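These notes concern the structure reproduced below.
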Amino acid sequence: MEPGHPSEPFRIKSVEPIVLLPRAQREQILNRVKFNVFKIKAEEIYIDLLTDSGTGAMSKDQWAAVMQGDESYAGARSFYRFEKTIKDITGKKYILPVHQGRVAENVFFSTVLKKGDYVPNNTHFDTTGANVAHKDGFAVNLPCPEASLNDEIPFKGNMDTRKLESFIEEKTPDKIPVVFMTVTNNSAGGQAVSMANIKETSTICKKHGIRFFFDCARFAENAYFIKKYEPGFENKTIREIAQEMFSYADGALMSAKKDGLANMGGFIAVNDEELARRMTELMIVIEGFPTYGGMSGRDIETVAAGLNEVLKEDYLAYRVGQVEYFGKILEQAGAPIIKPTGGHAVFIDAGKYLPHIPSDQFPGQTLSVELYREGGIRTSEIGSIMFGGYDPKTGEKISAPRELVRLAVPRRVYTGSHLEYVARVMERITSRKETLRGYRITRQATLLRHFTIELEEMSKENVKVK
Numbered sequence: 001m002e003p004g005h006p007s008e009p010f011r012i013k014s015v016e017p018i019v020l021l022p023r024a025q026r027e028q029i030l031n032r033v034k035f036n037v038f039k040i041k042a043e044e045i046y047i048d049l050l051t052d053s054g055t056g057a058m059s060k061d062q063w064a065a066v067m068q069g070d071e072s073y074a075g076a077r078s079f080y081r082f083e084k085t086i087k088d089i090t091g092k093k094y095i096l097p098v099h100q101g102r103v104a105e106n107v108f109f110s111t112v113l114k115k116g117d118y119v120p121n122n123t124h125f126d127t128t129g130a131n132v133a134h135k136d137g138f139a140v141n142l143p144c145p146e147a148s149l150n151d152e153i154p155f156k157g158n159m160d161t162r163k164l165e166s167f168i169e170e171k172t173p174d175k176i177p178v179v180f181m182t183v184t185n186n187s188a189g190g191q192a193v194s195m196a197n198i199k200e201t202s203t204i205c206k207k208h209g210i211r212f213f214f215d216c217a218r219f220a221e222n223a224y225f226i227k228k229y230e231p232g233f234e235n236k237t238i239r240e241i242a243q244e245m246f247s248y249a250d251g252a253l254m255s256a257k258k259d260g261l262a263n264m265g266g267f268i269a270v271n272d273e274e275l276a277r278r279m280t281e282l283m284i285v286i287e288g289f290p291t292y293g294g295m296s297g298r299d300i301e302t303v304a305a306g307l308n309e310v311l312k313e314d315y316l317a318y319r320v321g322q323v324e325y326f327g328k329i330l331e332q333a334g335a336p337i338i339k340p341t342g343g344h345a346v347f348i349d350a351g352k353y354l355p356h357i358p359s360d361q362f363p364g365q366t367l368s369v370e371l372y373r374e375g376g377i378r379t380s381e382i383g384s385i386m387f388g389g390y391d392p393k394t395g396e397k398i399s400a401p402r403e404l405v406r407l408a409v410p411r412r413v414y415t416g417s418h419l420e421y422v423a424r425v426m427e428r429i430t431s432r433k434e435t436l437r438g439y440r441i442t443r444q445a446t447l448l449r450h451f452t453i454e455l456e457e458m459s460k461e462n463v464k465v466k
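For the sequence shown, the positions run 1 to 466 when my numbering is used.
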């Protein structure tokens with residue numbers, strides 16, 4: 001028998017009904033939201049693959065932890081359990097709780113960035129880049145050369161360390177307060193970063209006296225890929241691999257809505273006492289007291305429990321195996337996917353799938369809209385709407401390096417039959433993909449425009465063919 005969807009290492013003890021609305025109603029909804037799937041109500045979605053952030057199912061231990069939540073304003077017991085868990089994994093001395101990742105970014109970059117500074121990264125995700133830009137800095141992406149290839153090779157999320165060296169020499173360390181590494185590399189297809197690349201990047205930063213930080217939202221998935229594919233780590237536990245990863249970094253920012261297996265939460269972890277003090281002062285102003293940081297005691301408890309659960313190898317084998325299976329059946333349905341599949345999502349190359357739609361008509365958005373229209377499925381465009389824009393000097397349009405659609409799989413939520421339904425919908429779209437048309441923007445924001453953008457479908461006479 002051909003290997004199929006991996007067996008779930010859990011039983012389901014609570015369920016939520018989902019309803020597939022009639023196609024005519026879905027058409028009305030798309031017109032109402034002006035073709036922005038972020039504006040569709042959750043109750044109007046059948047399968048929601050928009051994000052894996054905060055959308056997972058919690059375990060019985062996490063729900064039990066909810067009842068232990070200490071809601072004291074200061075010095076809550078819940079915080080000290082949270083702090084102990086994170087210190088054990090990261091090895092960092094100072095832990096600041098925040099209610100989600102972008103707050104960690106806001107606090108951190110507000111503290112370390114000056115106008116005109118540069119922040120290199122293997123690839124920034126949307127909120128990271130936006131927070132750098134919001135502080136008048138420049139977010140610089142330095143993905144490894146293999147990232148643009150479709151070869152099925154591991155660690156395509158690596159930093160291009162040669163380019164990093166050259167960039168530091170060109171801009172000087174004084175203009176680079178921190179080098180970031182996103183693990184796994186979400187915007188590059190959820191690709192993993194090797195321990196060797198982490199270590200080499202850390203060495204470069206130390207040589208130049210520059211901080212080295214992780215965006216570690218999916219650190220456990222990254223550690224699993226290291227165990228699976230990097231020689232010398234096959235006999236280490238996931239916890240040991242994660243601890244070694246963090247040992248090479250000066251600090252980390254985390255949205256615990258991913259590998260914290262929680263619906264809300266995050267943290268900043270650092271060793272620098274002065275930096276921690278300055279961030280704490282700002283956090284008190286904009287987020288909350290240092291022992292709750294914008295989170296309820298209940299949420300703090302669920303994150304502490306989730307960070308321990310996520311390190312279990314049987315869970316990670318299922319998690320990565322489910323995404324791999326999803327990629328295979330989407331490919332069989334005619335979708336060109338980024339290979340290898342990452343730990344949290346399948347990325348479809350919409351530019352390759354819809355070659356008749358140019359980047360300035362957003363093929364990724366076309367496919368994302370069509371998945372909802374055809375099957376009530378919500379996904380996310382990771383292309384020229386999310387990462388495109390305009391050159392501030394020339395005013396010319398800037399396109400993203402690739403036009404992708406991300407199908408993010410919430411943790412412990414959907415079964416194999418749900419994913420097979422998505423593949424069948426994809427198959428129906430493939431049979432008529434040449435008839436699909438692009439979109440044009442009618443309204444947009446300056447930063448993170450994909451959340452609020454408004455679009456209209458190109459009319460047949462205005463379609464610009466490549």
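Just so you know, even glycine gets a beta-carbon here, dropped at the ideal spot from N, CA and C.
Everything numeric in this text was worked out from a predicted model, so none of it was measured.
Query, Result
"Would you tell me roughly how many angstroms separate the C-alpha atoms of K433 and L354, rounded to the nearest one?", "7 Å"
"For the structure I just gave you, are there three or more beta carbon pairs, one from the region 64-71 and one from the region 288-303, closer than 8 Å?", "yes"
"What's the gap between the Cα of M254 and the Cα of I268?", "7 Å"
"I want to know whether the region 23-34 touches the region 357-368 - three or more CB-CB distances under 8 Å.", "no"
"Any chance the CB of L96 is under 7 Å from a heavy atom of the ligand FAD?", "No copy of the ligand FAD appears in this structure; indeed no ligand is present at all."
"Quick check on DSSP: helix, strand or coil for Y315?", "helix"
"Indicate whether D469 and P410 have their beta-carbon atoms separated by less than 8 Å.", "Because the chain is modelled from 1 through 466, residue 469 falls outside the range shown and cannot be assessed."
"Would you verify that the beta carbon of I210 is, or is not, closer than 8 Å to some beta carbon of chain B?", "In the structure shown, chain B does not exist; there is a single protein chain."
"Going by C-alpha to C-alpha distance, which of A408, V193, M159 sits closest to S380?", "A408"
"Check each candidate in A400, V112, E8, N36 and name the one with the smallest Cα separation from T452.", "N36"
"Look at the Cβ atom of F108, then the Cβ atom of T291, and state whether they are nearer than 8 Å.", "no"
"How many Å lie between R277 and E457 at the Cα?", "50 Å"
"What ranges does the alpha helix (DSSP H) occupy inside the region 370-430, keeping only unbroken runs of at least 4 residues that lie completely in it?", "416-430"
"Of the choices S399, G395, A350, whose alpha-carbon is the least far from that of R467?", "Residue 467 lies beyond the range of the chain shown here (1 to 466); nothing can be said about it."
"Quick check on DSSP: helix, strand or coil for N263?", "coil"
"Would you mind listing the beta strand (DSSP E) stretches within the region 130-208 that are 3+ residues and don't spill past its ends, in chain order?", "138-141, 178-182"
"Which residue marks the beginning of the alpha helix (DSSP H) containing M58, and which one marks its end?", "No alpha helix (DSSP H) contains M58, which DSSP labels as neither H nor E."
"What's the gap between the Cα of L49 and the Cα of R406?", "8 Å"
"Going by Cα to Cα distance, which pick from M67, E27, L20, A24 is closest to I45?", "L20"
"On a Cα-Cα basis, can you pick out the residue from G327, R211, G334, P358 that is closest to K345?", "In the sequence as displayed, the identity of residue 345 is Ala instead of Lys. It is G327."
"Who are the Cβ neighbours of E309 in its own chain at under 8 Å, not counting the five residues just before and after it?", "S59, D61, Q62, L261, Y315"
"So is D88 buried or exposed if we call it buried at 16+ other beta carbons inside 10 Å?", "exposed"
"Can you say whether R162 is buried or exposed, counting buried as having 16 or more other CB atoms within 10 angstroms of its CB?", "exposed"
"Return yes when the Cβ of N271 is within less than 8 Å of the Cβ of K92, no when it is not.", "yes"
"Going by the DSSP bridge assignment, what does A252 pair with across the sheet?", "F214, A269"
"Assuming K227 and I238 are in contact, meaning their beta carbons sit under 8 Å apart, how far apart are those beta carbons, in whole angstroms?", "6 Å"
"Taking only the alpha-carbon atoms, compute the straight-line gap between M1 and Q322 and give it to the nearest angstrom.", "Because the pLDDT at M1 is just 44, under 50, the model does not fix this residue reliably, and the point stays unresolved."
"Return the chain-ordered list of same chain residues with a C-beta closer than 6 Å to the C-beta of A325, the five sequence neighbours on each side being excluded.", "Just to set this straight, residue 325 is Tyr in the shown sequence, not Ala. Closer than 6 Å at the Cβ level, and outside the excluded window around Y325, lie H5."
"Looking only at its chain, what residues have a beta carbon closer than 7 Å to the beta carbon of I398, apart from the 5 residues adjacent to it on each side?", "G388, G389, Y390, D391"
"One question on the structure: do D259 and A192 come within less than 8 Å of each other, judged by their Cβ atoms?", "no"
"Got a sec? Which residues, its chain only, sit under 7 Å from E105 by beta carbon, not counting five neighbours each side?", "T127, T128, N131, L253"
"Hey, quick one: how far does the alpha helix (DSSP H) through I348 stretch, first residue to last?", "No alpha helix (DSSP H) contains I348, which is instead part of the beta strand (DSSP E) from 345-349."
"Measure the Cβ-Cβ separation of H418 and I47 and say whether it is below 8 Å.", "yes"
"Name, in chain order, the residues that DSSP records as bridge partners for R440.", "E456"
"Which residue from G395, E146, E370, K352 puts its Cα closest to that of E403?", "K352"
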